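**Q** Here's a structure for you.
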Amino acid sequence: MESGIPHSAAEIDANALHQLIEDAQRYRDYAEMSSDWYWEQDAAFRFTYFSREFEEITGVPKAVGLGKTRWEALSRERLGNVDWEAHKRLLAEHRPFRNFEYPGKGPDGRLLWFRVSGKPRFDEQGRFAGYFGIASDITSKKTIESHLQQAERLAAIGQLAAGMAHEINNPVGFVRSNLKTFENYLEQLLAVADACAALPELTTPLQRALHAADIDFLRTDAPALLADCRRGLDRVGKILADLREFGREGQTDRAAVDIHECLASALRLATIDLAAGVAIAQEYAALPAVRCRPGQINQVALALLANAIQALPQGGGKITLRTGQDGPGRVWFEVADDGCGIAPEHLPRLFEPFFTTRPVGQGTGLGLTTAFDIITEHGGRIDVESTPGAGSRFRVTLPVISPAS
Ligand SMILES: Nc1ncnc2c1ncn2[C@@H]1O[C@H](COP(=O)(O)OP(=O)(O)OP(=O)(O)O)[C@@H](O)[C@H]1O
Ligand SMILES: [Mg+2]
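Under the numbering used here, the residue at position 224 of the sequence shown is numbered 224, and the numbers go up by one with no gaps.
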């Protein structure tokens, strides 16, 4: 074949074969260099094949996945707000998909995240035969993302809180000052009424007006109403102070803090629009001041309270806040509810980033992750006990003097 032009059918076949072998080798080389792996599924979406890289990259033996669907094999269905229903619908319609991200479990129980793209396969008769595609391990990207999201979440809450506090502070200020003026006016008016009542001869319209106004009732009721308004304003003022503290959350330095104040602060915010049927009990022990970042501890208490409230059934239930001491160096606070409880298989995963059982779009699954990070950073710990159907108890233990302070 001097000219490079094939002369016979045999030569053409040999060339084609040679080309095929070269191509196959080239794809194998690419595949080996790639940080992705290849997979195939049958018509019931059960894995039938993983390329070698799968085991190397993930550390998961192929056998774990073969013969199972994606959601049976490695997934933790409710983790990370992954919309599995939408994914399954798409597969049922035999449509291609790109960059579907979902979490799975490593052999040591470690959380892994995968990103997969796939295309449907059809046989010679055009019948659907399954899927094939490519996948990669995006665990480290997800971990970074979760930290960023947590930081963003904290910053967003902080900004929102500070912004709201600022906006509400102004009107509250003038309502408070007007109330004071109004009190003075009222006193003057009552004095006028008294003077009128003392007149030796009352003209009929004045008598009628004094009678209609029921001055005696007004004299006692008006100050009571005003006192009520002032109490309301004091409460708003306290909530504003709490919000401002959340706003400064990132910057606050460690200080000697009364844990009960953190609880009160979180409680005021958590219970702003609480259903009437929810009872809150407080069983507090005398505690020493704890060196901590109060804004962050508020945040932890708020996350636990929010979860406790969400765990209660519609009609309400009971939340108990308790505090106590473990020896001289450690204090604890706990938030207990008699709500839905936590399934045993969810318990080890509560603090994982993005773990949530809330419907898609509600709950980021970062509340407890953030709480865990904050408490760990303070040298403390969070313990959970829960009985499905009976309730849960989250206990935060903190050293009185945290290691980094
Ligand atoms: N007191 C509780 N009772 C029952 N389940 C709880 C309780 N606290 C937490 N959980 C479970 O733990 C999961 C993770 O809680 P976490 O606070 O981290 O996220 P989330 O509440 O789902 O979302 P987010 O806090 O971001 O709004 C919840 O989805 C819920 O299933
Ligand atoms: Mg939560």
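Virtual Cβ for every residue (Gly too), placed ideally from N, Cα, C. Keep in mind that this is a model prediction, so the values were computed, not measured.
Please report the residue range of the alpha helix (DSSP H) in which S265 lies.
**A** Residues I259 to A270.
**Q** Under 8 Å, do G341 and S392 count as touching if we go by C-beta distance?
**A** Going by C-beta atoms, G341 is nearer than 8 Å to S392.
**Q** Mind checking who L190 pairs with in its DSSP beta bridge?
**A** In DSSP, L190 forms no bridge with anything.
**Q** For Q438, which three-state DSSP category applies?
**A** For residue 438 there is no data in the structure shown, the boundaries of the chain being 1 and 405.
**Q** Rounding to the nearest angstrom, what Cα-Cα distance links Q150 and T370 in this structure?
**A** Their backbone Cα atoms lie some 7 Å apart in a straight line.
**Q** Measure how close the beta-carbons of L305 and L267 come, nearest whole angstrom, since I'm counting them as under 8 Å.
**A** Rounded, the Cβ-Cβ distance is 7 Å, consistent with contact.
**Q** Determine contact between the segment 136-146 and the segment 99-118, defined as no fewer than three beta-carbon pairs at a distance below 8 Å.
**A** Because the criterion of three Cβ pairs below 8 Å is met, the segment 136-146 and the segment 99-118 touch.
**Q** CB-CB under 7 Å to F122, same chain, minus the five flanking residues each way: which ones, in chain order?
**A** Excluding residues within five positions, the ones whose Cβ falls inside 7 Å are F128 and A129.
**Q** Quick one: what does DSSP say Y30 is sitting in, helix, strand or coil?
**A** Correct three-state label for Y30: helix.
**Q** Over what stretch of residues does the beta strand (DSSP E) that includes D337 continue unbroken?
**A** Start and end: R330 to D337.
**Q** To the nearest angstrom, how far is it from the Cα of G67 to the Cα of R115?
**A** So the alpha carbons of these two residues sit roughly 20 Å apart.
**Q** Anyone know if the C-beta pair for I374 and Q314 falls short of 8 Å?
**A** No, the Cβ-Cβ distance between I374 and Q314 is not below 8 Å.
**Q** Would the segment 269-284 count as touching the segment 355-366 if we require 3 or more Cβ pairs under 8 Å?
**A** No, the segment 269-284 does not touch the segment 355-366.
**Q** Looking only at its chain, what residues have a beta carbon closer than 7 Å to the beta carbon of C292, apart from the 5 residues adjacent to it on each side?
**A** These residues qualify, in order along the chain: R254, V257, H378, L398 and S402.
**Q** Quick one: residues with CB closer than 5 Å to any heavy atom of ligand 2, in chain order, please.
**A** This criterion selects N307 and G367.
**Q** For L225 and F182, I'd like the C-alpha separation in whole angstroms.
**A** Each residue's alpha carbon lies about 12 Å from the other.
**Q** If you compare alpha carbons, which of N307, F351 and Q325 is closest to V335?
**A** It is N307 whose Cα lies nearest to the Cα of V335.
**Q** Drop a sphere of 10 angstroms on the beta-carbon of V396, count the other beta-carbons inside from all chains shown, and report buried for 16 or more, exposed for fewer.
**A** Under this definition V396 is a buried residue.
**Q** By the three-class DSSP mapping on this structure, what secondary structure does C229 have?
**A** In this structure, C229 counts as helix in the three-state DSSP scheme.
**Q** Tell me whether T387 sits in a helix, a strand or coil according to DSSP, three-state version.
**A** Residue state, collapsed to three classes: strand.
**Q** Are the segment 15-30 and the segment 40-53 touching by the rule of at least three beta carbon pairs closer than 8 Å?
**A** Flag = no, the segment 15-30 and the segment 40-53 do not touch.
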